[in-house]
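Step one of this worksheet: look at the structure below.
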Amino acid sequence: MRVIERQNLRWVDILKPTDEDLKFLEGMNFHPLIVHEVKTPTYHPLIEYYQTYLFCILHFPSWDPQARQIRTIEIDFLVTKEAFITIRYQEFKDFEDFWSDANSGTKADFGKTTGHLLHQLVKKLFNNTFPELDRIKEAIDTIEDEIFEKFDENIVEKIAAIERQILGFMRAIKPQKAVWDAIPQHVLNFWGERLKPYFSDLIADYNRTLSAIETHKEIIDSLHFTSSSLLDNKRNYVIKVLTIFTAIILPLSLLASIYGMNLAHLPGAARDDAFWWFLGGTFAVTAAMLIYFRIKKWL
Numbered sequence: 003m004r005v006i007e008r009q010n011l012r013w014v015d016i017l018k019p020t021d022e023d024l025k026f027l028e029g030m031n032f033h034p035l036i037v038h039e040v041k042t043p044t045y046h047p048l049i050e051y052y053q054t055y056l057f058c059i060l061h062f063p064s065w066d067p068q069a070r071q072i073r074t075i076e077i078d079f080l081v082t083k084e085a086f087i088t089i090r091y092q093e094f095k096d097f098e099d100f101w102s103d104a105n106s107g108t109k110a111d112f113g114k115t116t117g118h119l120l121h122q123l124v125k126k127l128f129n130n131t132f133p134e135l136d137r138i139k140e141a142i143d144t145i146e147d148e149i150f151e152k153f154d155e156n157i158v159e160k161i162a163a164i165e166r167q168i169l170g171f172m173r174a175i176k177p178q179k180a181v182w183d184a185i186p187q188h189v190l191n192f193w194g195e196r197l198k199p200y201f202s203d204l205i206a207d208y209n210r211t212l213s214a215i216e217t218h219k220e221i222i223d224s225l226h227f228t229s230s231s232l233l234d235n236k237r238n239y240v241i242k243v244l245t246i247f248t249a250i251i252l253p254l255s256l257l258a259s260i261y262g263m264n265l266a267h268l269p270g271a272a273r274d275d276a277f278w279w280f281l282g283g284t285f286a287v288t289a290a291m292l293i294y295f296r297i298k299k300w301l
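Here is the structure:
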């Protein structure tokens with residue numbers, strides 16, 4: 003547990019709550035169900051309004067460079083008029099950057115209300131997702147160019163990697179829609195009209211993030227379908243060529259098998275130039291079949 007105090011406000015940050023931390027929360031008269039709720043992380047965002055405080059669970063996407071995927075980071079908020087409590091279950095660099103700024107006094111709104119602090123923190127965490135979304139957009143544009151300019155089978159793996167990142171964003175952001183739909187009324191009840199514009203700003207950031215993710219997903223799904231269609235066409239062409247090759251070889255193999263029989267008399271086998279007649283016949287059959295396939299537009 004660590005604390006920043008400024009004017010009449012106190013920010014308490016708890017990482018991986020211990021029994022001592024839970025006793026501290028109990029001492030602040032939070033409901034026992036809430037204290038039990040914050041013992042472990044949850045997969046379900048929520049917001050609950052009590053007369054003296056707000057309880058909110060939000061999830062934020064974070065890029066893991068080692069695993070090369072998007073992780074979901076949970077932050078639980080317990081907000082009273084005088085205290086701002088954050089509860090986390092893993093390290094989060096963007097959060098640490100904001101804490102350092104707040105601790106050094108560079109956040110001008112920190113000392114106004116807990117509502118201003120909540121707005122500043124969540125806005126910071128939302129805004130930090132946009133560079134990663136921009137990077138995904140650039141990767142999608144590159145994949146689109148590769149599909150239509152120099153298509154190869156490796157493109158499917160690149161698309162799958164981008165899809166995994168987009169799914170990571172979706173997993174973190176989309177389930178919170180019900181929470182953000184309910185926030186305006188809770189903010190109005192708790193802080194009044196004066197903070198409503200700040201949280202309208204956060205809702206706009208959330209909708210912008212969700213819209214970008216959904217747009218990326220639609221585009222990458224379309225590119226996946228297009229690449230799969232092109233790959234199928236390429237494979238079908240290969241199969242068609244092999245089938246035609248087999249069809250051409252079949253009558254030649256039949257002729258070779260007939261004249262390879264150990265029979266006393268075969269038509270034309272006794273001629274001195276039988277080999278050349280046989281070779282010419284095979285070429286003639288091959289040419290005739292190729293012309294037929296061309297007329298049928300199978301080649």
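The numbering used here numbers the first residue of the sequence shown as 3 and each following residue consecutively.
We put the beta carbon where it would ideally sit given N, CA and C, even for glycine.
Inset, instruction - Would you mind sorting Gln9 into buried or exposed? The rule is 16 or more other CB atoms within 10 Å of its CB. - result: exposed
Inset, instruction - Put Ala69 into one of helix, strand or coil per three-state DSSP. - result: coil
Legend entry - Distance CB(Asp222)-CB(Ile157) smaller than 8 Å: The identity of residue 222 in the sequence shown is Ile, whereas the question assumes Asp. It is not a contact, given that the beta carbons lie outside the stated cut-off.
Inset, instruction - Flag Glu28 as yes when its Cβ comes closer than 7 Å to any non-hydrogen atom of the ligand HEM, and as no otherwise. - result: The ligand HEM is absent from the structure shown, which contains no ligand whatsoever.
Inset, instruction - Assign Val40 to buried or exposed, taking buried as 16 or more other Cβ atoms, counted over all protein chains shown, within 10 Å of its Cβ. - result: buried
Inset, instruction - Using the Cα positions of Ile59 and Phe94, report the straight-line distance between them to the nearest angstrom. - result: 15 Å
Legend entry - Residue of His61, Leu80 and Thr44 minimising C-alpha distance to Arg12: Leu80
Legend entry - Where Thr211 falls: helix, strand or coil (DSSP): helix
Inset, instruction - Compute the Euclidean distance between the alpha carbons of Pro186 and Ser202, then round it to the nearest angstrom. - result: 7 Å
Legend entry - Ala184 and Ile164 closer than 8 Å at C-beta: no
Inset, instruction - Can you say whether Asp21 is buried or exposed, counting buried as having 16 or more other CB atoms within 10 angstroms of its CB? - result: exposed
Inset, instruction - Return the residue from the list Thr82, Thr217, Trp193 and Thr74 that minimises the CA-CA distance to Ile138. - result: Thr217
Inset, instruction - Check Pro253 in the structure and name its three-state DSSP category. - result: helix
Inset, instruction - Tell me whether Phe153 sits in a helix, a strand or coil according to DSSP, three-state version. - result: coil
Legend entry - Alpha-carbon spacing of His188 relative to Glu50, whole angstroms: 8 Å
Legend entry - Residue environment, Ile251, which counts as buried when at least 16 other CB atoms sit within 10 Å: exposed
Inset, instruction - Give a yes or no on contact between the region 72 to 92 and the region 141 to 156, applying the rule of three or more CB pairs nearer than 8 Å. - result: no
Inset, instruction - Excluding the 5 residues preceding and the 5 following Leu135 in the sequence, name in chain order all residues of the same chain whose CB lies nearer than 8 Å to its CB. - result: Phe171, Thr211, Ala214, Ile215 and His218
Inset, instruction - Report the rounded CA-to-CA distance for Tyr91 versus Thr44, giving the unit in angstroms. - result: 10 Å
Inset, instruction - Would you grab the beta carbon distance between Phe153 and Thr116 for me? Rounded to a whole angstrom, and I think it's under 8 Å. - result: About 54 Å separates the two Cβ atoms, so there is no contact after all.
Inset, instruction - To the nearest angstrom, report how far apart Ser231 and Phe295 are at their CA atoms. - result: 25 Å
Inset, instruction - Tell me whether Tyr55 sits in a helix, a strand or coil according to DSSP, three-state version. - result: coil
Legend entry - Counted within 10 angstroms of its Cβ, other Cβ atoms place Ser224 as buried (16 or more) or exposed: exposed
Inset, instruction - Would you tell me roughly how many angstroms separate the C-alpha atoms of Lys242 and Ala289, rounded to the nearest one? - result: 18 Å
Inset, instruction - Starting from the N-terminal side, write out each stretch of the alpha helix (DSSP H) that is 4 residues or longer and does not extend beyond the region 76 to 161. - result: 95 to 106, 116 to 129 and 132 to 151
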